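When you line the sequence shown up against full-length UniProt numbering, it's residues 1 to 95, in that order.
Just so it is clear, CB atoms sit at the ideal spot from N, CA and C, and this is done for glycine as well.
The structure presented is a predicted model; accordingly, all values stated were derived computationally and were not measured.
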Amino acid sequence: MEKTGLISRNIGSDYKTELKNVTSLTISNYGSEPITVVVNDVPRPVPAFNPEIGVPMSYNLPGDGTACNLTIEIKFNGNSKYAILDYRVYNPQAC
Numbered sequence: 001m002e003k004t005g006l007i008s009r010n011i012g013s014d015y016k017t018e019l020k021n022v023t024s025l026t027i028s029n030y031g032s033e034p035i036t037v038v039v040n041d042v043p044r045p046v047p048a049f050n051p052e053i054g055v056p057m058s059y060n061l062p063g064d065g066t067a068c069n070l071t072i073e074i075k076f077n078g079n080s081k082y083a084i085l086d087y088r089v090y091n092p093q094a095c
């Protein structure tokens, strides 16, 4: 049986990494200021957390059953630096 493993990271400063075998990914902005998420050199704005809604704004790469390699960068645009990176990676394991 094929499995994926969930990885979660708190991000509190500008961050850049290369991820391999990613099957899905979400970057949630819990800060009070917008952030910029750069995926494979393409920037995307992610608005600040709105407490009235109660749900963080996020960049989402939904899973479709395939794995890919990505370069991810998170750039904070102020003093409020709180984002969460959640992603799954393809990890074949015997059950």
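Going residue by residue through the region 38-81, where are the continuous beta strand (DSSP E) segments of at least 3 residues, counting only ones entirely within it? 42-46, 57-61, 68-76
What does DSSP give as the partner residues of R18 in its beta bridges? Here residue 18 corresponds to residue number 18 of the sequence shown, with the count starting at 1. The displayed chain sequence assigns Glu, not Arg, to residue 18. Its beta-bridge partners are T71.
Quick one: what's got a C-beta closer than 6 Å to Y82's C-beta in the same chain, skipping five residues either side? The residue labelled residue 82 in the question sits at position 82 within the sequence shown. Cβ neighbours of Y82 beyond the five flanking positions: Y30, G31.
S28 by DSSP, collapsed to three states: which one? For the purposes of this step, residue 28 is taken as the residue at position 28 of the sequence shown. Correct three-state label for S28: strand.
Apart from the five residues on each side of it in sequence, which residues of its chain come closer than 6 Å, Cβ to Cβ, to P56? One-based indexing of the sequence shown puts residue 56 at position 56. Result list for P56: S28, N29, Y30, F49, in chain order.
Sorted by chain position, which residues of the same chain lie with C-beta nearer than 6 Å to G78's C-beta, five sequence neighbours on each side aside? As a first step, residue 78 is located in the sequence shown; it is residue number 78 there, counting from the start. So the qualifying residues of the chain are E33.
T36 versus T66: straight-line alpha-carbon distance, rounded: As a first step, residue 36 is located in the sequence shown; it is residue number 36 there, counting from the start. As a first step, residue 66 is located in the sequence shown; it is residue number 66 there, counting from the start. Those two C-alpha atoms are separated by around 25 Å.
In the DSSP output, which residue or residues are listed as bridge partners for T36? By 1-based counting over the sequence shown, the position of residue 36 is 36. DSSP, once it has assigned bridges, lists P45, K75 as partnering T36.
Between the Cα of Y15 and those of T23, V38, T26, spot the shortest distance and give me the residue it belongs to. Counted from its first residue, the sequence shown places residue 15 at position 15. Of the listed residues, the one whose Cα sits closest to Y15 is V38.
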